[in-house]
Amino acid sequence: MIRYISLQNCPFDPGEELCKFRSESIGAIASFTGLVRSENEIVALSIEHHPVMTQKTLEQLCDMVITRYHLLGVSITHRYELLKLGEPIVFVAAASVHRKAAMEAIVYMMDRLKTDIPLWKKEIFADGTSRWIEQKQSDVDRSFSW
Amino acid sequence: MIRYISLQNCPFDPGEELCKFRSESIGAIASFTGLVRSENEIVALSIEHHPVMTQKTLEQLCDMVITRYHLLGVSITHRYELLKLGEPIVFVAAASVHRKAAMEAIVYMMDRLKTDIPLWKKEIFADGTSRWIEQKQSDVDRSFSW
Amino acid sequence: MKISYFAKTREIIGRDYDIIHFPTDIRSINDVVKYLSAKGEPYSIAFANQDALRFALDNEMAKSDVSIENIQELAIFPPVTGG
Amino acid sequence: MKISYFAKTREIIGRDYDIIHFPTDIRSINDVVKYLSAKGEPYSIAFANQDALRFALDNEMAKSDVSIENIQELAIFPPVTGG
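Okay, here's the thing in structure tokens:
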């Protein structure tokens, strides 16, 4: 069983994270990367989190998804503090025997992350002002649908 | 628009492939990697393909998935000839503004690849014997379900 | 009892946490929110829309009607936007 | 006309392709398969289960009832197992 969790304030490389799964039992690896995109003319994104709860919730999520999808490996990396445009915010990956489990697992993980992890995003603009991002009702609906 | 297609007989690194998407419009990248796993006591996998048709079909698949899911980028890498245990066989990735499109696109691409691409896999055993893999009815069913 | 604030809630309150000794009739998270709101600004502003608040008791998410008995820390924050 | 074989079909036939001049009454892919099967082994073995055969005419997948008129190459192979 491969299980990586990283909460970090420095940039990471999703490609490196993807390569961490090495096992001759693994037939399928699905991954998802969420990135800071240029929306609302932002220049950066700032993420605040509740360190203890976030770490614990990520560990619980990993355990849950491993059981639910019979995974051979799971990986979650999440940034906090200041992120520049184009930088990865979050990376999740799931490894399994067949493709269906790995693919469903990353959809599930992202839906859960959106509503269960105590992280808050703030848009930073060129003039130095900022605005907290509001939770999307579509994310809440997706999370409840599981 | 980022569009990579590679049919190759040498190993590749899914991590490097994942890093090819660079654009400040991209908010989401989903990827899938299929690997040679140790099943039926195989020691290797051999893949035969129809070079002209495979290249053409992969190009058509890329065009189709870009339109269908409004993607900002798509990537497909597929090995042929001899593959060792644990090596990646296929890598697909899709980049989009929001996560739903990228995630659905990789599921769609893999379902199509399983039935539309003229590639044939053969299991190679330790005693030098080999056996062609049969098409799975579940793959045919999934392909028709779209 | 330690009351921690995060994100927008923290910014409105103007600090990361308070240490408050509540009267004995303050039993649930709801009671805490009402008690602090009654003190006026900045609490009354931060807690004006209670539907937009989430709570955690000793690092476990909790509904607002849960008891605070034997709890060391209550965290108050807006709906999360991670992932 | 060039008839190409792939994978298991190629292995049973024992070569990558044949160049065959068909009689004029051989008009569809089905006709080709019947004509070759009638020649006996290895064709009769390779084409024994026609449900397990797929076809391409000049690099385009085709159903077995399609005409081979003006076609340069017919490819015959088992169901694909890529991805």
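Protein chains in written order, with the numbering used here: chain A, 346 to 491; chain B, 346 to 491; chain C, 57 to 139; chain D, 57 to 139.
Virtual Cβ for every residue (Gly too), placed ideally from N, Cα, C.
What does residue i reach in chain A if we use C-beta pairs closer than 7 Å?
{"i": "aspartate 486 (chain B)", "result": "Simply none; closest approach about 12 Å."}
{"i": "alanine 131 (chain C)", "result": "His395"}
{"i": "leucine 427 (chain B)", "result": "Correct list: empty, because the minimum Cβ distance to chain A is about 16 Å."}
{"i": "proline 98 (chain C)", "result": "Going along chain A, no residue has its Cβ under 7 Å from proline 98 (chain C), so there is no contact; the nearest lies around 16 Å."}
Whose Cβ in chain B lies nearer than 9 Å to the Cβ of residue i?
{"i": "glycine 418 (chain A)", "result": "Those within 9 Å of glycine 418 (chain A) in chain B number zero; the least Cβ separation is about 12 Å."}
{"i": "methionine 448 (chain A)", "result": "Ala375, Phe377, Met448, Ile451, Val452, Met455"}
For the candidate residues the options, whose alpha-carbon lies nearest to that of residue i?
{"i": "alanine 447 (chain A)", "options": "A:Arg382, A:Met346, A:Ile374, A:His394", "result": "A:Ile374"}
{"i": "leucine 109 (chain D)", "options": "D:Arg83, D:Val88, D:Gly96, D:Gln128", "result": "D:Val88"}
{"i": "proline 453 (chain A)", "options": "A:Phe489, A:Asp358, A:Gly431", "result": "Sequence inspection shows tyrosine at residue 453 (chain A); the proline mentioned does not correspond to that position. Among A:Phe489, A:Asp358, A:Gly431, the Cα nearest to that of tyrosine 453 (chain A) is on A:Phe489."}
{"i": "isoleucine 462 (chain B)", "options": "B:Ala439, B:Ala440, B:Arg424, B:Ser441", "result": "B:Arg424"}
{"i": "alanine 471 (chain B)", "options": "B:Leu406, B:His415, B:Leu390, B:Ile371", "result": "B:Leu390"}
{"i": "proline 135 (chain D)", "options": "B:Cys355, B:Glu479, B:Leu352", "result": "B:Glu479"}
{"i": "glycine 431 (chain B)", "options": "A:Glu361, A:Leu416, A:Phe366", "result": "A:Phe366"}
{"i": "glutamine 400 (chain A)", "options": "A:Ala450, A:Leu464, A:Lys481", "result": "A:Leu464"}
{"i": "lysine 466 (chain B)", "options": "B:Glu449, B:His395, B:Ser351", "result": "B:His395"}
{"i": "glutamate 384 (chain B)", "options": "A:His443, A:Met455, A:Gln482, A:Thr460", "result": "A:His443"}
{"i": "tyrosine 349 (chain A)", "options": "A:Gly473, A:Ile411, A:Lys429, A:Thr474", "result": "A:Ile411"}
{"i": "glutamine 128 (chain C)", "options": "C:Val122, C:Asn115, C:Asp121", "result": "C:Asn115"}
Can a CB atom of chain F be found closer than 8 Å to the CB of residue i?
{"i": "asparagine 115 (chain D)", "result": "You won't find chain F in this structure, because its protein chains are A, B, C and D."}
What in chain C is Cβ-close to residue i, meaning under 8 Å?
{"i": "glycine 546 (chain A)", "result": "A query on residue 546 (chain A) cannot be resolved here, the shown segment of chain A reaching from 346 to 491 and no further."}
Since residue i meets chain D, which of its residues come closer than 7 Å, beta carbon to beta carbon?
{"i": "valine 435 (chain B)", "result": "Gly139"}
For residue i and residue j, what's the separation of their Cα atoms in angstroms?
{"i": "leucine 130 (chain D)", "j": "alanine 118 (chain D)", "result": "9 Å"}
{"i": "phenylalanine 111 (chain C)", "j": "isoleucine 85 (chain C)", "result": "8 Å"}
{"i": "arginine 382 (chain A)", "j": "threonine 137 (chain D)", "result": "37 Å"}
{"i": "leucine 113 (chain D)", "j": "aspartate 484 (chain B)", "result": "24 Å"}
{"i": "aspartate 486 (chain A)", "j": "threonine 402 (chain A)", "result": "20 Å"}
{"i": "aspartate 408 (chain A)", "j": "phenylalanine 103 (chain D)", "result": "51 Å"}
{"i": "glycine 372 (chain A)", "j": "glutamate 468 (chain A)", "result": "39 Å"}
{"i": "glycine 139 (chain C)", "j": "alanine 439 (chain A)", "result": "16 Å"}
{"i": "leucine 427 (chain B)", "j": "leucine 380 (chain B)", "result": "13 Å"}
{"i": "isoleucine 82 (chain C)", "j": "glutamine 106 (chain C)", "result": "17 Å"}
{"i": "isoleucine 387 (chain B)", "j": "valine 388 (chain A)", "result": "52 Å"}
{"i": "arginine 457 (chain A)", "j": "threonine 378 (chain B)", "result": "23 Å"}
{"i": "leucine 92 (chain C)", "j": "arginine 476 (chain A)", "result": "25 Å"}
{"i": "glutamate 404 (chain B)", "j": "lysine 481 (chain B)", "result": "24 Å"}
{"i": "isoleucine 69 (chain C)", "j": "histidine 415 (chain B)", "result": "43 Å"}
{"i": "alanine 37 (chain C)", "j": "proline 79 (chain C)", "result": "Residue 37 (chain C) is absent from the structure shown; chain C starts at 57 and stops at 139."}
{"i": "phenylalanine 99 (chain C)", "j": "lysine 90 (chain C)", "result": "Here residue 99 (chain C) is tyrosine; the residue named in the question, phenylalanine, does not match the sequence. Whole-angstrom Cα-Cα distance: 9 Å."}
{"i": "glutamate 449 (chain A)", "j": "isoleucine 434 (chain B)", "result": "20 Å"}
By the criterion of Cβ-Cβ separation under 8 Å, what are the contact partners of residue i in chain A?
{"i": "alanine 373 (chain B)", "result": "Phe377, Thr378, Gly379, Leu380"}
{"i": "valine 442 (chain B)", "result": "Arg382"}
{"i": "alanine 112 (chain C)", "result": "His395, Met398, Pro463"}
Show which residues of chain D have a CB atom less than 9 Å away from the CB atom of residue i.
{"i": "tryptophan 491 (chain B)", "result": "Those within 9 Å of tryptophan 491 (chain B) in chain D number zero; the least Cβ separation is about 14 Å."}
Quick one: which chain C residues come within Cβ less than 7 Å of residue i?
{"i": "glutamate 393 (chain A)", "result": "Phe62, Ala63"}
Going along chain B in order, which residues have a C-beta closer than 8 Å to the C-beta of residue i?
{"i": "isoleucine 469 (chain A)", "result": "Here the premise fails: no neighbours, minimum Cβ distance about 14 Å."}
{"i": "valine 122 (chain D)", "result": "Simply none; closest approach about 16 Å."}
For a contact meaning CB atoms closer than 7 Å, what does residue i contact in chain B?
{"i": "isoleucine 478 (chain A)", "result": "Under the 7 Å cutoff, chain B gives no residues; its nearest Cβ is about 13 Å from isoleucine 478 (chain A)."}
{"i": "leucine 390 (chain A)", "result": "Those do not exist, as leucine 390 (chain A) stays about 11 Å from chain B at its closest Cβ, beyond 7 Å."}
{"i": "serine 370 (chain A)", "result": "Arg382, Ser383"}
Can you pull the chain D residues whose beta carbon is under 8 Å from the beta carbon of residue i, in chain order?
{"i": "histidine 415 (chain B)", "result": "Result: empty, since nearest Cβ-Cβ is about 23 Å, beyond 8 Å."}
Which chain A residues sit within Cβ distance under 9 Å of residue i?
{"i": "glycine 431 (chain B)", "result": "Arg367, Ser368, Glu369, Ile371"}
Chain A contacts made by the region 397 to 408 of chain B, where a contact means CB separation under 9 Å: none
Along the region 453 to 465 of chain A, where does the CB come closer than 9 Å to a CB of chain C? Name the residues. Met454, Met455, Asp456, Arg457, Leu458, Lys459, Thr460, Asp461, Ile462, Pro463, Leu464, Trp465
Would the region 350 to 367 of chain B and the region 73 to 82 of chain D be scored as touching if the rule is three or more Cβ pairs under 8 Å? no
Would you list, in chain order, the members of the region 349 to 364 of chain A that have their beta-carbon closer than 9 Å to a beta-carbon of chain B? For the region 349 to 364 of chain A, the set of residues with a beta-carbon nearer than 9 Å to any beta-carbon of chain B comprises Asp358, Pro359, Gly360, Glu361, Glu362, Leu363, Cys364, in chain order.
Using Cβ-Cβ distances below 8 Å, what residues of the region 73 to 92 of chain D are close to chain B? Listed by position, the residues of the region 73 to 92 of chain D near chain B (Cβ gap below 8 Å) amount to none.
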